[in-house]
Amino acid sequence: MKETSDEVTELQRLLDAAYDRSTEHLRNIITGARKLDAQDLTKVLTGMRTLNLATVTAGGEPRISAVDGHFLHGRWVFTTSGTAAKARHLRARPAASISYVDGERIGVFSHGQVEFLDENHPDFAEIEEHLTSHYGSSPSSWGEEIVYCRLRPSWMVGYAFDKTAVLAGKG
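For the sequence shown, the working numbering gives the first residue as 102, with consecutive numbering after it.
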């Protein structure tokens, strides 16, 4: 967990606001017993998670792809090739949706704006260090034009079918 207490508080505000403005259908599925709070998310979203990333083409058509995601400071971080379609989409239209789903065990759904981070960004060094530690090499070394992206969420909810088991590291 790399989140500060202020970041956890900010994440909880985001989760509460998203849940409050969600549809009745979603609130009937993500009930109190199955709703993950900010502390829960920082506990269970450690390491690399395969994320579903949804972007939109210039023609307004949806596209989905998978990326390696890391939950750092209450936000999803991922890298990709700068020549990938998803990178082109995000540069032109930074709105995106991300989901992390592990069967019916856990689901985290986020909408927001993707920002591109370069070596001059104040958070870049910490992200680079985290990713290099995880993978054993810098993502920057994997190709000529690797881009670092972070979703600034405007909406996020977390779900666990059996919250007790998920938080205990079981199931």
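Virtual Cβ for every residue (Gly too), placed ideally from N, Cα, C. Keep in mind that this is a model prediction, so the values were computed, not measured.
>> Here's a check: name, in chain order, each residue in its chain whose Cβ is nearer than 8 angstroms to the Cβ of Phe-225, leaving out the five neighbours to either side.
In response: Translated into the one-based positions of the sequence shown, residue 225 becomes position 124. Closer than 8 angstroms at Cβ, skipping near neighbours: Leu-218, Asp-219, Tyr-249.
> Among all the DSSP beta bridges, which residues are the ones paired with His-171?
Replying inline: As a first step, residue 171 must be located in the sequence shown, where it is residue number 70. DSSP, once it has assigned bridges, lists Met-149, Val-178 as partnering His-171.
> What's the gap between the Cα of Asn-153 and the Cα of His-190?
Replying inline: Counting from 1 along the sequence shown, the entry for residue 153 is found at position 52. Counting from 1 along the sequence shown, the entry for residue 190 is found at position 89. Distance between the alpha carbons of Asn-153 and His-190: 15 angstroms.
> So is Ala-139 buried or exposed if we call it buried at 16+ other beta carbons inside 10 Å?
Replying inline: The count along the sequence shown starts at 1 and reaches residue 139 at position 38. Buried, since its Cβ has 16 or more Cβ neighbours within 10 Å.
> For the beta strand (DSSP E) that contains Leu-252, what are its first and last residues?
Replying inline: Numbered from its first residue, the sequence shown carries residue 252 at position 151. 247–261 is the extent of the beta strand (DSSP E) around Leu-252.
>> For Thr-151 and Tyr-236, what's the separation of their Cα atoms in angstroms?
In response: For the purposes of this step, residue 151 is identified with residue 50 of the sequence shown, where counting begins at 1. For the purposes of this step, residue 236 is identified with residue 135 of the sequence shown, where counting begins at 1. Going from the Cα of Thr-151 to the Cα of Tyr-236 covers about 14 angstroms.
> What are the start and end residues of the beta strand (DSSP E) that includes Ala-134?
Replying inline: Here residue 134 refers to the residue found at position 33 when the sequence shown is read from its first residue. Boundaries cannot be given for Ala-134, as no beta strand (DSSP E) includes it and DSSP labels it neither H nor E.
> What number of angstroms, rounded off, separates the C-alpha of Asn-129 from the C-alpha of Thr-156?
Replying inline: Here residue 129 refers to the residue found at position 28 when the sequence shown is read from its first residue. Here residue 156 refers to the residue found at position 55 when the sequence shown is read from its first residue. The alpha-carbon atoms of Asn-129 and Thr-156 are separated by roughly 27 angstroms.
> Can you name, in chain order, every residue of its own chain whose Cβ lies under 7 angstroms from the Cβ of Glu-229, other than the five neighbours on each side?
Replying inline: The residue you call residue 229 lines up with position 128 of the sequence shown. Hits under 7 angstroms: Ser-239.
> Just checking my contact of His-171 with Met-149 at CB under 8 angstroms: how many whole Å lie between their CB atoms?
Replying inline: In the sequence shown, the residue the question calls residue 171 occupies position 70. In the sequence shown, the residue the question calls residue 149 occupies position 48. Indeed they touch by this definition, with Cβ atoms about 6 angstroms apart.
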